[in-house]
């Protein structure tokens, strides 16, 4: 048997014990309400769920309504016209569902008049009599007998279920005993395994101690060898470093000396170049001053020559301008005279 089966059997036994306790409590409560209708075996079927909803859901629904009637053998002609609520009972499941699911009805005056007219034709209900009282009594007896028969059927089913539960409880107890024996065997096996585990751990600790000592010796020897190698390497590198630093210092000194000589030559060349540039600027300035003086003299001479030319031109224009104006006036007068003569010749 596996661990899952054991857990399932223990859970089933616990659930059955809880259900038995609840059934005893329900029986005590049911006896207060129903009295002698409760069974003596232990559980009351009055509190069990009715199988009717499952049957209704599984069975196909009929379109035609069901009719339950309680008729008397000595039915008279007068009773055929009387209407009593216990005489006939019509049950229409579809109509009840539609009526419950329908919305609020609308007002229809014609329908109201029709209903009023139909009700006016109904015969009045007669007064209560001995015959109607007997009918009510018979109806109640029929209901009680049907209830008792239903309770007997349900109690028989409940009794069989109780027997099945008792057999399950016995099987559960047997499984518990088997589980207890298996637990004892497992505990003994676990104790033996624990002892073997402790022995293995002691042996492992001894081996680990020897291994750690040997490892410590090997590490110490390797550290000594590594230290000596590092010392030799350090001495070699220090000597090489000193030689390299000395060589670098000599190279730096030589490079500084060469740089100083080069900078001195550059400074000398700079001074000579600046002196040459300054002398060239002086020569250029001197030549520019001479050019300015010559251009100033030439400008003065040209101004005098232009003034003389303007004076001569003004004198010439002042003397000839009068003659030119008179000549123009004479030519204009002759032209106008010719135009007048040609105009007169045209209109004569």
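Residue numbers (the working numbering): 13 to 360. Yeah, the Cβ is synthetic: ideal placement off N, Cα and C, and Gly gets one too.
- In this structure, the straight-line span from the alpha carbon of residue 170 to that of residue 206 is close to 52 Å.
- If you draw a straight line from the Cα of residue 251 to the Cα of residue 273, it comes to about 34 Å.
- Taking 4 residues as the shortest admissible run, the region 167-241 contains no complete alpha helix (DSSP H) segment at all.
- It is roughly 36 Å from the alpha-carbon of residue 344 to the alpha-carbon of residue 318.
- Cα atoms of residue 309 and residue 349: separation of roughly 59 Å, rounded to the nearest angstrom.
- Rounded to whole angstroms, residue 146 and residue 152 show a C-alpha spacing of 10 Å.
- A direct Cα-to-Cα measurement between residue 359 and residue 342 gives close to 26 Å.
- A residue is called buried when at least 16 other Cβ atoms come within 10 angstroms of its Cβ; residue 184 meets this threshold and is buried.
- A distance below 8 Å between beta-carbons, with the five flanking residues on each side excluded, links residue 199 to no residue of its chain.
- Distance from the CA atom of residue 329 to the CA atom of residue 315, rounded to whole angstroms, is 21 Å.
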